[in-house]
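What follows is one structure encoded as structure tokens, with my remarks underneath.
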Ligand code: GUN
């Protein structure tokens, strides 16, 4: 039976440690500030944004939640980002994705100052990640790394298979694993005979966004299975990409949904925001 890796508990520990760092920063006259922009009324995004606001409060980060109407124009959003780029009290800027269809998402992400890009989505920060020169860490992949470290698992020498090639998760996940000496395979919707590849994985990371997509026949016995999915099943219940009921008896480790990767993603966002505030302070001195 797979051992559960408790992301909620690990995230709580990270946030406690960050709260101490925030206290020290406040003594030096700096309160880390995070601006979170959400456009429109995507219900899943609303939940994510609320979780970020709650975590910011726990850590002592000043959060500025900006909810814009669906009909906001690209120019209006860019003007707001420019204003936040200039605001010395804001150390992190995050635009919740997906944006409504009329936005040019790439241009929006490019407008965020790389120094405040706490999601690490700006091409400049993506480039830093590629060469292993980390400043801002990509939140979900960094959360996965932190989770496996807390469980005492090292990717070194392991065959890690990442299912999903998004810019947010799949690609940066592969890089972080590679930098810790894993042998990495990235799979996606066009991969031929996916189960034959995933069955080779010592560690399987699924980030496809499809409920119960990873079944027991796709998992090598004893494998570490990391579930990045956040989906709804046929009854509307929250579930991951992994069919936990069938995979649990096969895997060595499994992250639950909810309570696995999700809370770690948010904790890493807080870590990036505190890092940004500290870096700004150091550059001022
Ligand atoms: N939408 C889903 N995941 C994310 C994330 O990590 N950051 C942002 N900004 N939007 C998201």
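Residue numbers (this note's numbering): 1487 to 1771. The beta carbon of each residue, even a glycine, is placed where N, CA and C say it ideally should be.
Bridge-paired residues (DSSP) for residue i
| i | result |
| --- | --- |
| residue 1557 | Paired residues: none, contrary to the question. |
| residue 1454 | Nothing can be reported for residue 1454: it is not among the residues displayed for the chain, which extend from 1487 to 1771. |
| residue 1739 | 1489 and 1710 |
| residue 1524 | 1553 |
| residue 1646 | 1670 and 1689 |
Contact check, residue i vs residue j, beta carbons under 8 Å
| i | j | result |
| --- | --- | --- |
| residue 1520 | residue 1542 | yes |
| residue 1647 | residue 1606 | no |
| residue 1622 | residue 1717 | no |
| residue 1551 | residue 1535 | yes |
| residue 1679 | residue 1692 | no |
| residue 1671 | residue 1655 | no |
| residue 1727 | residue 1694 | yes |
| residue 1754 | residue 1638 | no |
| residue 1711 | residue 1743 | no |
| residue 1644 | residue 1651 | no |
| residue 1741 | residue 1579 | no |
| residue 1511 | residue 1764 | yes |
| residue 1762 | residue 1577 | yes |
| residue 1582 | residue 1531 | yes |
| residue 1584 | residue 1537 | no |
| residue 1750 | residue 1633 | yes |
Residue i versus residue j - alpha carbon distance
| i | j | result |
| --- | --- | --- |
| residue 1604 | residue 1525 | 18 Å |
| residue 1739 | residue 1720 | 25 Å |
| residue 1659 | residue 1497 | 18 Å |
| residue 1504 | residue 1631 | 18 Å |
| residue 1539 | residue 1523 | 11 Å |
| residue 1547 | residue 1500 | 14 Å |
| residue 1696 | residue 1515 | 45 Å |
| residue 1601 | residue 1568 | 13 Å |
| residue 1495 | residue 1544 | 14 Å |
| residue 1709 | residue 1767 | 43 Å |
| residue 1649 | residue 1613 | 22 Å |
| residue 1572 | residue 1507 | 24 Å |
| residue 1517 | residue 1574 | 11 Å |
| residue 1589 | residue 1674 | 26 Å |
| residue 1700 | residue 1618 | 30 Å |
| residue 1627 | residue 1653 | 11 Å |
| residue 1770 | residue 1760 | 16 Å |
| residue 1730 | residue 1559 | 42 Å |
| residue 1553 | residue 1502 | 28 Å |
| residue 1723 | residue 1635 | 29 Å |
Contacting residues, own chain, Cβ-Cβ under 6 Å from residue i (five flanking each side not counted)
| i | result |
| --- | --- |
| residue 1641 | 1663, 1666 and 1668 |
| residue 1610 | 1600 |
| residue 1690 | 1647, 1684, 1709 and 1711 |
| residue 1745 | 1493 and 1494 |
| residue 1549 | 1520, 1539 and 1542 |
| residue 1591 | 1585 |
Cut-off 7 Å between Cβ atoms - residues of its own chain near residue i, not counting five sequence neighbours on either side
| i | result |
| --- | --- |
| residue 1748 | 1493 and 1716 |
| residue 1736 | 1702, 1705 and 1707 |
| residue 1681 | 1703 and 1704 |
| residue 1586 | 1525, 1526 and 1556 |
| residue 1620 | 1614 |
| residue 1677 | 1683 |
Same chain, Cβ closer than 8 Å to residue i, neighbours up to 5 away in sequence not counted
| i | result |
| --- | --- |
| residue 1725 | 1697, 1698, 1715, 1717, 1718, 1719 and 1743 |
| residue 1488 | 1711, 1733, 1734, 1735, 1736, 1737, 1738, 1739 and 1740 |
| residue 1615 | 1606, 1623, 1624, 1658, 1661 and 1662 |
| residue 1594 | 1560, 1563, 1564, 1567, 1581 and 1585 |
Proximity test, Cβ basis, 8 Å: residue i and chain C
| i | result |
| --- | --- |
| residue 1538 | Given the protein chain composition of this structure (a single chain), no chain C is represented. |
Go through the segment 1569–1642 residue by residue and report every complete run of the beta strand (DSSP E) that reaches 3 residues or more, in order. Qualifying beta strand (DSSP E) stretches, in chain order: 1578–1581.
4-residue-minimum alpha helix (DSSP H) runs that sit fully inside the segment 1660–1740, ordered along the chain: Taking only runs of at least 4 residues, the alpha helix (DSSP H) segments lying wholly in the segment 1660–1740 are 1680–1684 and 1730–1733.
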